[in-house]
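Have a look at the structure below, then the notes.
So, in structure tokens, the structure goes:
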């Protein structure tokens, strides 16, 4: 049964490699890709059901027992993330029906897409810090290919910045893992948690933890390492922007969530207090960026940053409620960011420009898209009863319960500014008189993909009473790392 843990990695990896040979046959590639996404989605549902019903699953590769061999761990947090990844992949496959061109297929969009999904899934399932680095590299290699598909000058310029910064963070990552191994003698996350706890995270261990935070902060675009993200995420095709916005920064957040609850959780006054201040500044910088531009796609890209700040606030607060809020907000943000990037892409295609000042009156030509964007804006800002409200409520209440009133106040203010930044798009692009005739009709498959994600976000809000116990169960295992350690290192 434990072999099923490998399937969320194996399925996209195998079929991605297979599709390399069909890059000249668009119809076969599109149809096969959709079937693969459905298969992977079904496996993720079954895996989630099994873990919540029967407990975590561990795959010890080669029959080597932990901590000596490479292991994959499907616990409650991992399977929630795997399920969310496959929801994003499913909606991306729907969006791709009318948005992925023959040229993109010829340039291996689908193999790179599946390689990205495999890398992200592996990062969520690995129980080994070095293999977390390996899966980071897998997803980054895929992203390097995806960001350049199209071949424009803007893509080349931004891809160079993106690649150079990620190369720096990768070098720092593997070096830091080597430091940690030299001190503790292991890279197994459960054994690291055990050994760091035995010495109460003394001396150099806290410094190593901060170095790992810098790595994950770079991946997650936290202050001051955020400058590469906004423009890098808007230059590729809208489907690639949506995948990046929904998945890549969230791998950084997940890594912080795992590492700083399981391993480096013994000097909260140093590490986690620092996280709260970084989170607060990131929120401020993000909303300032979103308010400072008239580029529709750039507004959405900048709004990634305050969301990451909210999640880091939950990790820094480090209570059961705040960690549950981080997980809930993480799932919410994956869905709504993908939806907003999808709709922004549809809007730019429809208008023929990304400049908000040149748009207006498109509610007359694309009413469904306009009202979907309006609802998505309310969800993003955290207006009740949508999913954004549930996550922010848990995070802000957790922060105030622990006395972090300044951070909570800035979080509330940033929520209002987030709402203003995206409602500005709705008013500017859809309201008023029609300034220019649309350049092309709205793509139906794009609306369908966005509708699925918006419906999920609404369901996560109005059905919070049903979903929250699963999130809380995942948070409980984070607040008590011994649960994870005992299960992985069981005799």
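Residue numbers (our numbering): 117 to 607. Don't be surprised by glycine CBs; every beta carbon is placed ideally from N, CA and C. Since the structure is predicted, the reported quantities are computational estimates derived from the model, not experimental observations.
Span of the alpha helix (DSSP H), counted from its first residue to its last, around residue 320: Here residue 320 refers to the residue found at position 204 when the chain shown is read from its first residue. Element bounds for residue 320: 320 to 336.
Residue(s) in a DSSP beta bridge with residue 244: The count along the chain shown starts at 1 and reaches residue 244 at position 128. For residue 244, which the question treats as bridged, DSSP gives the partners 304.
Assigned exposure category for residue 607 - 16 Cβ within 10 Å defines buried: By 1-based counting over the chain shown, the position of residue 607 is 491. At residue 607 the pLDDT is 44, less than 50, meaning the model places this residue with poor confidence; the figure from the coordinates comes in the next sentence. Result: exposed.
N- and C-terminal bounds of the beta strand (DSSP E) containing residue 550: As a first step, residue 550 is located in the chain shown; it is residue number 434 there, counting from the start. Here residue 550 belongs to no beta strand (DSSP E), and DSSP marks it neither H nor E.
For residue 309 and residue 601, the rounded distance between their alpha carbons: The residue you call residue 601 lines up with position 485 of the chain shown. The residue you call residue 309 lines up with position 193 of the chain shown. Roughly 7 angstroms separates the two Cα atoms.
Start-to-end residues for the beta strand (DSSP E) that takes in residue 198: Stepping through the chain shown from its first residue, residue 198 is reached at position 82. It is not in any beta strand (DSSP E) - residue 198 instead sits in the alpha helix (DSSP H) that spans 192 to 215.
Three-state secondary structure assigned by DSSP to residue 151: As a working note, residue 151 is residue 35 in the chain shown. The answer is helix: DSSP assigns residue 151 an H, G or I state.
N-terminal and C-terminal residue of the beta strand (DSSP E) that residue 173 is part of: The sequence position of residue 173 within the chain shown is 57, counting from 1. Residue 173 -> beta strand (DSSP E) spans 173 to 176.
Residue 189 in three-state terms, based on DSSP: As a first step, residue 189 is located in the chain shown; it is residue number 73 there, counting from the start. Residue 189 falls in the strand class under three-state DSSP.
Residues bridged to residue 471 [DSSP beta-bridge criterion]: Locating residue 471 in the chain shown gives position 355, where the first residue counts as 1. Paired residues: 411.
Element boundaries [alpha helix (DSSP H), containing residue 359]: For the purposes of this step, residue 359 is taken as the residue at position 243 of the chain shown. Counting along the chain, the alpha helix (DSSP H) containing residue 359 begins and ends at 354 to 359.
Simplified DSSP assignment, three categories, for residue 164: Sequence index remark: in the chain shown, residue 164 carries index 48 (1-based). If DSSP states are grouped into helix, strand and coil, residue 164 belongs with the helices.
Member of 589, 478 and 459 whose CA lies at the smallest distance from the CA of residue 550: Within the chain shown, numbered from 1, the residue matching residue 550 stands at position 434. That would be 478, whose Cα lies nearest to the Cα of residue 550.
Beta-carbon proximity check, residue 586 vs residue 192, cutoff 9 angstroms: Looking up residue 586 in the chain shown gives position 470. Looking up residue 192 in the chain shown gives position 76. Their beta carbons are under 9 angstroms apart, which means residue 586 touches residue 192 by this criterion.
Classification of residue 165 by the beta-carbon crowding that lies within 10 angstroms, buried from 16 upward: Within the chain shown, numbered from 1, the residue matching residue 165 stands at position 49. Exposed, since its Cβ has fewer than 16 Cβ neighbours within 10 Å.
Residue 442 - DSSP class collapsed to helix/strand/coil: Here residue 442 refers to the residue found at position 326 of the chain shown. Three-state result, residue 442: helix.
Beta-carbon proximity of residue 552 to residue 474, cut-off 9 angstroms: Counted from its first residue, the chain shown places residue 552 at position 436. Counted from its first residue, the chain shown places residue 474 at position 358. Taking 9 angstroms as the Cβ cut-off, residue 552 and residue 474 qualify as a contacting pair.
Three-state secondary structure (DSSP) of residue 366: For this step, residue 366 is matched to residue 250 along the chain shown. Looking at residue 366 - three-state DSSP - the assignment turns out to be helix.
Unbroken alpha helix (DSSP H) run spanning residue 518, endpoints: Position 402 of the chain shown, counting from 1, holds the residue named residue 518. Careful: residue 518 lies outside any alpha helix (DSSP H) and carries neither H nor E.
Distance between residue 580 and residue 430 (C-alpha atoms, nearest Å): Sequence index remark: in the chain shown, residue 430 carries index 314 (1-based). Sequence index remark: in the chain shown, residue 580 carries index 464 (1-based). Approximately 18 angstroms between the Cα atoms of the pair.
Through-space distance from residue 404 to residue 270, alpha-carbon basis: Counted from its first residue, the chain shown places residue 270 at position 154. Counted from its first residue, the chain shown places residue 404 at position 288. The straight-line gap from Cα to Cα measures roughly 23 angstroms.
Contact under 9 angstroms by Cβ, residue 233 with residue 201: To locate residue 233, count along the chain shown from 1; it is residue 117. To locate residue 201, count along the chain shown from 1; it is residue 85. Going by C-beta atoms, residue 233 is nearer than 9 angstroms to residue 201.
Unbroken stretches of the alpha helix (DSSP H), 4 residues or longer, contained in the region 224 to 298: 225 to 241 and 245 to 264
Distance between beta carbons of residue 330 and residue 288, contact taken as under 8 angstroms: Translated into the one-based positions of the chain shown, residue 288 becomes position 172. Translated into the one-based positions of the chain shown, residue 330 becomes position 214. Sure, about 7 angstroms apart at Cβ, within 8 angstroms.
Contact between the region 557 to 574 and the region 122 to 142 (3+ Cβ pairs under 8 angstroms): no
Reduced DSSP secondary structure (H/G/I, E/B, other) of residue 476: The sequence position of residue 476 within the chain shown is 360, counting from 1. DSSP places residue 476 in coil when its eight states are reduced to three.
Secondary structure of residue 417, DSSP reduced to three states: Position 301 of the chain shown holds residue 417. If DSSP states are grouped into helix, strand and coil, residue 417 belongs with the helices.
Cα-Cα separation, residue 177 to residue 486: Here residue 177 refers to the residue found at position 61 of the chain shown. Here residue 486 refers to the residue found at position 370 of the chain shown. Those two C-alpha atoms are separated by around 49 angstroms.
Separation of residue 394 from residue 312, as counted between CA atoms: Taking the first residue of the chain shown as position 1, residue 312 is located at position 196. Taking the first residue of the chain shown as position 1, residue 394 is located at position 278. Rounded to whole angstroms, residue 312 to residue 394 spans 24 angstroms at the Cα level.
Opening and closing residue of the alpha helix (DSSP H) in which residue 584 lies: Your numbering for residue 584 matches position 468 in the chain shown. First-last of the alpha helix (DSSP H) with residue 584: 580 to 595.
Euclidean distance between Cα positions of residue 140 and residue 156: Working through the chain shown from its first residue, we reach residue 140 at position 24. Working through the chain shown from its first residue, we reach residue 156 at position 40. Roughly 24 angstroms separates the two Cα atoms.
Contact set for residue 278: own chain, Cβ-Cβ below 7 angstroms, skip 5 residues either direction: As a working mapping, residue 278 is identified with position 162 in the chain shown. These residues qualify, in order along the chain: 263, 344 and 348.
Exposure of residue 571, with buried meaning 16 or more beta-carbon neighbours within 10 Å: The residue labelled residue 571 in the question sits at position 455 within the chain shown. Exposed: under 16 other Cβ atoms inside 10 Å.
Coil, strand or helix - residue 567 by DSSP: On the chain shown, residue 567 is found 451 positions in, with the first residue counted as 1. Of the three classes helix, strand and coil, the one that applies to residue 567 here is helix, per DSSP.
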